[in-house]
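Participant: This is the structure I have questions about; it appears just below.
Residue numbers (my numbering): 36 to 160.
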């Protein structure tokens, strides 16, 4: 699960740590769903653990399926806003807010490609 965290016309992206798979590529915040959790609960937990914020999880924005050599993922991206807390970098190499027009300036994880295309398309309509 992943969060499309909005602040006005900008959304939050996170740079993966250097010591993990897909090192230093950019991605949306989020993580795996634990047994017994809903998608929304997983996003709230992951963002509290990794970013120090509590999210308000809204509607599903996009679902992408991608196969990496080491893992097959189904990525559900939800529109979210920060409901409480202050962003704190606890796991990632970097955090930043970007607009859809700035997407091409960042190297994202391959699983995010279809999502990024949709964001750019939606920004131009």
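Beta carbons are placed, not taken as given, at the ideal position from N, Cα and C, and that holds for glycine.
Since the model is a prediction, treat every value here as computed from it, not as a measurement.
Residue 83 lies in the alpha helix (DSSP H); which residues open and close that run?
Facilitator: Taken as a continuous stretch (DSSP letters only), the alpha helix (DSSP H) holding residue 83 covers 74–86.
Participant: Cα-Cα, which of 50, 44, 40 is closest to residue 124?
Facilitator: It is 50.
Participant: Residue 107 bridges to which residues according to DSSP?
Facilitator: Residue 107 pairs with 102.
Participant: Looking at the structure shown, is residue 140 part of a helix, part of a strand, or coil, going by DSSP?
Facilitator: Three-state DSSP puts residue 140 in a helix.
Participant: Kindly examine the ligand SAM and report whether one of its heavy atoms sits closer than 7 angstroms to the Cβ of residue 107.
Facilitator: Looking for the ligand SAM in the displayed structure turns up nothing, as the structure carries no ligands at all.
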